[in-house]
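Participant: As you go down the protein sequences, you meet chains A and B in turn. Counting with the working numbering, you get residues 83 to 425 for the letters of the first sequence. Counting with the working numbering, you get residues 1440 to 2058 for the letters of the second sequence. Mind looking over this structure? Questions follow.
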Amino acid sequence: MAEENGDVSGIATLTKKDFTSDQEPRWCPGCGDYAILAAVQGFMPELGIEPHNTVFISGIGCSGRFTYYMDTYGFHGIHGRAPAIATGVATANPDLHVWVVTGDGDALSIGGNHLIHALRRNVNIKILMFNNQIYGLTKGQYSPTSEEGKVTKSTPFGSVDHPFNPVALALGAEATFVARTVDNDRKHLTDVLRQATEHPGSAFVEIYQNCNVFNDGAFDLIRDKQQGLHNQIRLVNGEPIVFDEGTRCVRVGENGRLEIAAVADSDPSSIITHDIHGRPSLAFALAHLSHGPTEPTCIGVFHEEDRPTYGEAVRSQLERAVERLGPGDLKTLLHGGDTWTVG
Amino acid sequence: MASRPTGSMTKTVEERDHVVIRFAGDSGDGMQLTGDRFTNATAILGNDLATLPDFPAEIRAPAGTVHGVSAFQIQFANNDVTTPGDHADVLVAMNPAALRADLDKVARGGTIIVNEDSFTQRNLEKAGYASDPTTDGTLDGYQIYPVPMTSITVRAVESLGVGKKEAERSKNMFALGLVSWMYGRPVDVTLRWLEKKFGGKPEIYEANVASFNAGYNFGETTELFAHQIHVAAAPVTAGTYRNVAGSQALAWGLIAASVRSGVPLFYASYPITPASDLLHELSKHKNFGVVTIQAEDEIAAANMALGAAFTGHLGVTGTSGPGIDLKAETIGLAVITELPMILVDVMRAGPSTGMPTKNEQGDLLHAMFGRHGESPIPIVAPSSPADCFSVAMEAARVAIRYRSPVILLSDSFLQNSSEPWLLPDVDALPTIDPLFAKANGSDFLPYARDERLARPWAIPGTPGLEHRIGGLEREDRTGDISYEAENHERMTHIRREKVDGIAADIAPLEVDDPTGDAELLVLGWGSTAGTIRAAVQRVRGSGERVATAHLRWLNPMPTNTGEVVTKYRRVLIPELNSGQLTMLIRAAFLADAKTFSKVQGLPIWADELEDAIVRMLHG
Chain A
83 MAEENGDVSG IATLTKKDFT SDQEPRWCPG CGDYAILAAV QGFMPELGIE
133 PHNTVFISGI GCSGRFTYYM DTYGFHGIHG RAPAIATGVA TANPDLHVWV
183 VTGDGDALSI GGNHLIHALR RNVNIKILMF NNQIYGLTKG QYSPTSEEGK
233 VTKSTPFGSV DHPFNPVALA LGAEATFVAR TVDNDRKHLT DVLRQATEHP
283 GSAFVEIYQN CNVFNDGAFD LIRDKQQGLH NQIRLVNGEP IVFDEGTRCV
333 RVGENGRLEI AAVADSDPSS IITHDIHGRP SLAFALAHLS HGPTEPTCIG
383 VFHEEDRPTY GEAVRSQLER AVERLGPGDL KTLLHGGDTW TVG
Chain B
1440 MASRPTGSMT KTVEERDHVV IRFAGDSGDG MQLTGDRFTN ATAILGNDLA
1490 TLPDFPAEIR APAGTVHGVS AFQIQFANND VTTPGDHADV LVAMNPAALR
1540 ADLDKVARGG TIIVNEDSFT QRNLEKAGYA SDPTTDGTLD GYQIYPVPMT
1590 SITVRAVESL GVGKKEAERS KNMFALGLVS WMYGRPVDVT LRWLEKKFGG
1640 KPEIYEANVA SFNAGYNFGE TTELFAHQIH VAAAPVTAGT YRNVAGSQAL
1690 AWGLIAASVR SGVPLFYASY PITPASDLLH ELSKHKNFGV VTIQAEDEIA
1740 AANMALGAAF TGHLGVTGTS GPGIDLKAET IGLAVITELP MILVDVMRAG
1790 PSTGMPTKNE QGDLLHAMFG RHGESPIPIV APSSPADCFS VAMEAARVAI
1840 RYRSPVILLS DSFLQNSSEP WLLPDVDALP TIDPLFAKAN GSDFLPYARD
1890 ERLARPWAIP GTPGLEHRIG GLEREDRTGD ISYEAENHER MTHIRREKVD
1940 GIAADIAPLE VDDPTGDAEL LVLGWGSTAG TIRAAVQRVR GSGERVATAH
1990 LRWLNPMPTN TGEVVTKYRR VLIPELNSGQ LTMLIRAAFL ADAKTFSKVQ
2040 GLPIWADELE DAIVRMLHG
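Below, the structure written as structure tokens:
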């Protein structure tokens, strides 16, 4: 319990412990979820967010358990519906910090509809989507982010489904904050989550998360320290998009498409300078730079924009209604219209 | 502000106890509006009344066809009116299709007023008539009044500079004016309403007034109608009344519950017929702090309401037909998380899309059992349009007090119908204490329980009560996840006992048995109350001893229900389904109850129920 007697003794005293529940995490040993949990528990005290004003909401899947390990308010919902529950919470009380923890199956398959609608409404929720490109809890079926040809228990001849590109999907749904990070880079993960937290409105963060039991190594090209050096395209606001130890860049090609090229072969003016507040179409192009984590892939914040949050819009409409109609009065409501009196 | 009836200056007046009028026309003819206006004028006159809108599922089916007929029926009387009437004394048919669709709903010898102008060869064909029924003998035995409504209307408004189309559109006001004259309805009420509605569009307003007056004067001056009919005001309890439709009363009941509990109302819903009217009505009252969300789908609406309930709001979602199927999983989540939430199911004819605008009480067993696992839930049903108000408050009281989802089973008849409502004393409405949990220094136990087995309602934002809930089985008291065998059994029992315990907190089943020795009990629930009352009044009138009782709570049922249903030798349960309450009653009490079933999308008529009662008594 963070506060024994309901007295909030000041945010400066909060530590990781205040966000850690007494439940023992039960993910498989070596699961990427542990690192994400530790990062979240670790950075929340720094932001001065109080546990009692924080709500974690999750769906079904391995990520769903996350809620139980945070000593905040928590709601472990049903499959795919966490963004809808969170919309209810964040709209009922716009002062709360509301987080949704979900996975690729939960968010993009059964819950796809709620995800896109929460994003377009700009509900003030932070959505952490753990993407491991597999159904882990049900023991290894392909997911909506699994690559074509994926051999799993349900696709012994290989999957014929075309995968979603989660970042592009979120951008298409007009999300106001879209980012991607990886589970094993604590600094990058924390940095992205901090920016998501500070963003007023929906924040969608795809986290490449390794499932070491059912899909081990799916993100090695990006996650692995050595390979990552060459294949992570780190997006830094205001900086030219250069990677692979400064040797390669993202530039505008001849047909106007983005392409990866050697810095040495590129006119410096053709190299893209990342602007998170720029056109969403550019962010969309960056999202499509790779077909998946099997080639150089962007991580970091793709896009951010200011738009009123849903909770604030709803609240201000309630306030305007009171200004226009006066505070609700039951007698006026019931006795309004045509009445007649029998003596 | 009672208006005086307008008496004829030139014609005699005939007294009647009760009258049933049915307005029928094309969907685009404005029959619902006409009926609604006639109802308001009738209510203000002090007649008791009941109404039944009957419209097609299609917004605008092909004009002039039987599929596109929209009708509105009203019964009004100088005494207690319990139903919109079995058969119409008067049918106003705006075109041949309306006549064809509704002729069988007119009492033998009844009056039929047709818009003569619409009985063209083409329209007759569209309605499927080979010859003109007004002249070929089809209507022998009825009193038929052909009135050239369209042409008189067009003439009446021609000086006002409105287009021919607009002029023709206002012929419903002509019909309203004519029928208003026939029954001495006050004109000021309708004129005031027209001003409010069309005040901003002077030529439309004037055209409607001119049409209305033309209809009224037509009745007064033409020789067609020999006399005016007068229905005296009904003797009713003193007080202030208004006419109210079920959808309004239900919305206002939810608002009243919010005001009287201090718990803000949060309504999330996906558009669906006929539940959408609830969303429309609640959306108007944001000055009560009512949050309304039109969700992306039925499932989202339920989950938003549940999330709001977790956050300390009265979370409500409403739906009809297939929407309840989609919400089932979320209701199960509400059962295990034990949060105050209301699901309003405005029942309509199913299965699947079924008949969206037609009525049925087909969801009782779905409400009882339509979730996986053992998932008990309180179920309550209003019995009349005005009753929706107090039932909504009652549902909220139980949801909040017991930290439980509650299903409120309304239906499309209750939703759309209206009746006079004796307005309650607002200050005397029950209050509801939400009893939000507060930190008290000891470890918080989110699944500890009070004497009603209700768990604490600890809302986010409260320091010291951070806790996690969810769909996995909870450990008793701590609320931690538990797969422990005995705990699951204990929790299953607790959830059931909690819901069963509500029986002690609701009114006992009231039995109306005037002689105390009835042979037969007619047991009902929901919107059949009016019909049951009417039918039983009739059989009692012929000396039969029949008792009635009407269940408001279907789960749990009042504690004396078993005693009541086993006391009578015969039990008849009229239902707009194949016998769902009968199944519950037989299973719970081993009572030999029989069903009177009707699944036509229409109300049970009092005369058919009357026959069924007599058959059961003497069959």
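Positions of the beta carbon are idealized from the N, C-alpha and C atoms, including for glycine.
(1) Considering only their Cβ atoms, is the gap separating G1909 (chain B) from G1771 (chain B) smaller than 9 Å?
(2) With a threshold of 8 Å, are at least 3 pairs of Cβ atoms found where one atom belongs to the region 1861-1873 of chain B and the other to the region 1801-1817 of chain B?
(3) By Cβ distance below 6 Å, which residues in the same chain neighbour G156 (chain A) in space, the five residues on each side in sequence not counted?
(4) What residues in its chain sit with their C-beta under 7 Å from that of G1675 (chain B), if we drop five residues either side in the sequence?
(5) Would you say H158 (chain A) lies against chain B (beta-carbon separation less than 9 Å)?
(6) Which residues of the region 161-175 of chain A have a Cβ closer than 9 Å to any Cβ of chain B? Give them in chain order.
(7) Note the first and the last residue of the continuous beta strand (DSSP E) segment covering H1932 (chain B).
(8) Check whether chain A comes within 9 Å of E1905 (chain B), counting only Cβ atoms and requiring the distance to be less than that.
(9) Taking 9 Å as the CB-CB cut-off, is M152 (chain A) touching chain B?
(10) Would you mind telling me which residues of chain B sit closer than 9 Å to H199 (chain A), beta carbon to beta carbon, in chain order?
(11) I'd like to know if F1749 (chain B) contacts chain A, where contact means its C-beta is closer than 9 Å to some C-beta of that chain.
(12) Going by C-alpha to C-alpha distance, which of A:F296, A:A252, A:G335, A:T379 sits closest to R303 (chain A)?
(13) For a contact defined as C-beta to C-beta under 7 Å, what are the partners of L1745 (chain B) on chain A?
(14) Say whether chain A places a C-beta atom closer than 9 Å to the C-beta of D1919 (chain B).
(15) Starting from the Cα of Q1854 (chain B), find the closest Cα among B:A1714, B:G1918, B:I1738 and give me that residue.
(16) When the Cα of K413 (chain A) is compared with those of B:G1692, B:R1934, B:S1921, which residue comes out closest?
(17) Find out if the Cβ-Cβ distance for the pair S1466 (chain B), G1507 (chain B) is shorter than 9 Å.
(18) Return the Cβ separation of V1505 (chain B) and H1526 (chain B) in integer angstroms, given the expectation that the two are a contact with Cβ distance under 8 Å.
(19) When burial is assigned at 16 or more other CB atoms within 10 Å of the CB, is H179 (chain A) buried or exposed?
(20) Helix, strand or coil: how does DSSP classify Y1622 (chain B) here?
(21) Identify, in the order they occur along the chain, each residue of the same chain with its Cβ nearer than 8 Å to the Cβ of R2008 (chain B), setting aside the five sequence neighbours on each side.
(22) Report the rounded CA-to-CA distance for A1893 (chain B) versus I1933 (chain B), giving the unit in angstroms.
(23) Given that E178 (chain A) touches chain B, what residues does it touch there, using C-beta distances under 7 Å?
(24) Would you mind reading off the limits of the beta strand (DSSP E) that contains E1659 (chain B)?
(25) I'd like the list of long-range same chain contacts for E1607 (chain B), defined as Cβ closer than 8 Å, with 5 residues on each side in sequence excluded.
(26) What residues in the region 212-245 of chain A bring their beta carbon closer than 7 Å to a beta carbon of chain B?
(27) Tell me the DSSP bridge mates of R316 (chain A)?
(28) Going along chain B in order, which residues have a C-beta closer than 8 Å to the C-beta of N206 (chain A)?
(29) What is the DSSP secondary structure of L1633 (chain B), counted as helix, strand or coil?
(30) Measure the C-alpha to C-alpha separation of V1459 (chain B) and Q1582 (chain B) and round it to an integer number of angstroms.
(31) Are S1708 (chain B) and F1852 (chain B) close, meaning C-beta to C-beta below 9 Å?
(32) Using 8 Å for Cβ pairs, my map puts M1786 (chain B) next to D1850 (chain B). What's the rounded Cβ distance?
(33) For G1485 (chain B), would you say it is in contact with chain A, using Cβ-to-Cβ distances shorter than 9 Å as the test?
(34) Which bits of chain A does L1578 (chain B) rub up against, with CB to CB less than 8 Å?
(35) Is W1691 (chain B) close to chain A? Criterion is C-beta to C-beta, closer than 9 Å.
(36) Checking 9 Å against the spacing of the C-beta atoms, do G382 (chain A) and V274 (chain A) come in under that value?
Facilitator: So, to answer that:
(1) Sequence index remark: in the second sequence, residue 1771 (chain B) carries index 332 (1-based). Sequence index remark: in the second sequence, residue 1909 (chain B) carries index 470 (1-based). Cβ distance not < 9 Å, so G1771 (chain B) and G1909 (chain B) don't count as in contact.
(2) When Cβ pairs closer than 8 Å are counted between the two stretches, the region 1861-1873 of chain B is seen not to touch the region 1801-1817 of chain B, the count staying below three.
(3) Numbered from its first residue, the first sequence carries residue 156 (chain A) at position 74. Cβ within range, chain order: F138, T149.
(4) One-based indexing of the second sequence puts residue 1675 (chain B) at position 236. Here the sequence assigns Val to residue 1675 (chain B), which means Gly is not the residue at that position. Excluding residues within five positions, the ones whose Cβ falls inside 7 Å are D1487.
(5) The count along the first sequence starts at 1 and reaches residue 158 (chain A) at position 76. At least one chain B Cβ lies under 9 Å of H158 (chain A).
(6) Taken in chain order, the members of the region 161-175 of chain A whose beta-carbon sits within less than 9 Å of a beta-carbon on chain B are H161, G162, R163, A164, P165, A166, I167, A168, T169, G170, V171, A172, T173, A174, N175.
(7) Looking up residue 1932 (chain B) in the second sequence gives position 493. Per DSSP, H1932 (chain B) belongs to no beta strand (DSSP E); it is in the alpha helix (DSSP H), 1924-1940.
(8) Taking the second sequence and counting its residues from 1, the one referred to as residue 1905 (chain B) is at position 466. By this cut-off, E1905 (chain B) is an interface position.
(9) In the first sequence, the residue the question calls residue 152 (chain A) occupies position 70. The Cβ of M152 (chain A) sits closer than 9 Å to at least one Cβ of chain B.
(10) Your numbering for residue 199 (chain A) matches position 117 in the first sequence. Within chain B, the residues placing a beta-carbon under 9 Å from that of H199 (chain A) are A1734, E1735, D1736, A1739, ordered along the chain.
(11) Position 310 of the second sequence, counted from the start, is the residue given in the question as residue 1749 (chain B). At least one beta carbon of chain A lies nearer than 9 Å to the beta carbon of F1749 (chain B).
(12) The residue labelled residue 303 (chain A) in the question sits at position 221 within the first sequence. A quick correction: the sequence has Leu, not Arg, at residue 303 (chain A). The residue with the shortest Cα to Cα distance from L303 (chain A) is A:T379.
(13) Stepping through the second sequence from its first residue, residue 1745 (chain B) is reached at position 306. Near L1745 (chain B) (Cβ distances below 7 Å), the residues of chain A are I167, G170.
(14) If you number the second sequence from 1, residue 1919 (chain B) lands on position 480. For D1919 (chain B), a Cβ of chain A is located within less than 9 Å of the residue's own Cβ.
(15) If you number the second sequence from 1, residue 1854 (chain B) lands on position 415. Between Q1854 (chain B) and the set B:A1714, B:G1918, B:I1738, the nearest pair of CA atoms involves B:A1714.
(16) Counted from its first residue, the first sequence places residue 413 (chain A) at position 331. It is B:G1692.
(17) The sequence position of residue 1466 (chain B) within the second sequence is 27, counting from 1. The sequence position of residue 1507 (chain B) within the second sequence is 68, counting from 1. Result yes, Cβ atoms of S1466 (chain B) and G1507 (chain B) sit closer than 9 Å.
(18) As a working note, residue 1505 (chain B) is residue 66 in the second sequence. As a working note, residue 1526 (chain B) is residue 87 in the second sequence. Rounded, the Cβ-Cβ distance is 19 Å, inconsistent with contact.
(19) By 1-based counting over the first sequence, the position of residue 179 (chain A) is 97. The residue is buried, with at least 16 neighbouring Cβ atoms inside 10 Å.
(20) The residue you call residue 1622 (chain B) lines up with position 183 of the second sequence. For Y1622 (chain B), the secondary structure class from DSSP, reduced to helix, strand or coil, is coil.
(21) On the second sequence, residue 2008 (chain B) is found 569 positions in, with the first residue counted as 1. So the list reads E1958, L1959, once near-sequence residues are dropped.
(22) Numbered from 1 along the second sequence, position 454 holds the residue referred to as residue 1893 (chain B). Numbered from 1 along the second sequence, position 494 holds the residue referred to as residue 1933 (chain B). Roughly 10 Å separates the two Cα atoms.
(23) Start at 1 with the first residue of the first sequence, and residue 178 (chain A) comes out as number 96. In the sequence on display, residue 178 (chain A) carries Leu and not Glu. L178 (chain A) reaches chain B at P1899, G1900, counting residues in chain order whose Cβ is nearer than 7 Å.
(24) Reading the second sequence from its first residue, position 220 is the one you call residue 1659 (chain B). Counting along the chain, no beta strand (DSSP E) covers E1659 (chain B); the unbroken alpha helix (DSSP H) around it starts and ends at 1641-1660.
(25) Taking the second sequence and counting its residues from 1, the one referred to as residue 1607 (chain B) is at position 168. Its chain contains T1589, T1592, V1593 as the residues whose beta carbon lies nearer than 8 Å to that of E1607 (chain B), once the 5 sequence neighbours on both sides are disregarded; these appear in chain order.
(26) Hits within the stretch: zero.
(27) Counting from one through the first sequence, the residue named residue 316 (chain A) turns up at place 234. Its beta-bridge partners are A:I381.
(28) What you label residue 206 (chain A) is simply residue 124 of the first sequence in a count that begins at 1. In chain order: nothing, as chain B lies at least about 13 Å away.
(29) For the purposes of this step, residue 1633 (chain B) is taken as the residue at position 194 of the second sequence. Reduced to three states, the DSSP call for L1633 (chain B) is helix.
(30) Start at 1 with the first residue of the second sequence, and residue 1459 (chain B) comes out as number 20. Start at 1 with the first residue of the second sequence, and residue 1582 (chain B) comes out as number 143. Looking at the two C-alpha atoms, the distance is approximately 15 Å.
(31) Taking the first residue of the second sequence as position 1, residue 1708 (chain B) is located at position 269. Taking the first residue of the second sequence as position 1, residue 1852 (chain B) is located at position 413. Their beta carbons are not under 9 Å apart, which means S1708 (chain B) does not touch F1852 (chain B) by this criterion.
(32) As a first step, residue 1786 (chain B) is located in the second sequence; it is residue number 347 there, counting from the start. As a first step, residue 1850 (chain B) is located in the second sequence; it is residue number 411 there, counting from the start. Their Cβ separation, rounded to whole angstroms, is 4 Å, which keeps M1786 (chain B) and D1850 (chain B) in contact under 8 Å.
(33) For the purposes of this step, residue 1485 (chain B) is identified with residue 46 of the second sequence, where counting begins at 1. Closer than 9 Å: yes.
(34) For the purposes of this step, residue 1578 (chain B) is identified with residue 139 of the second sequence, where counting begins at 1. Going along chain A, no residue has its Cβ under 8 Å from L1578 (chain B), so there is no contact; the nearest lies around 36 Å.
(35) Counted from its first residue, the second sequence places residue 1691 (chain B) at position 252. Using beta-carbon distances, W1691 (chain B) counts as an interface residue toward chain A, with a partner under 9 Å.
(36) To locate residue 382 (chain A), count along the first sequence from 1; it is residue 300. To locate residue 274 (chain A), count along the first sequence from 1; it is residue 192. Going by C-beta atoms, G382 (chain A) is nearer than 9 Å to V274 (chain A).
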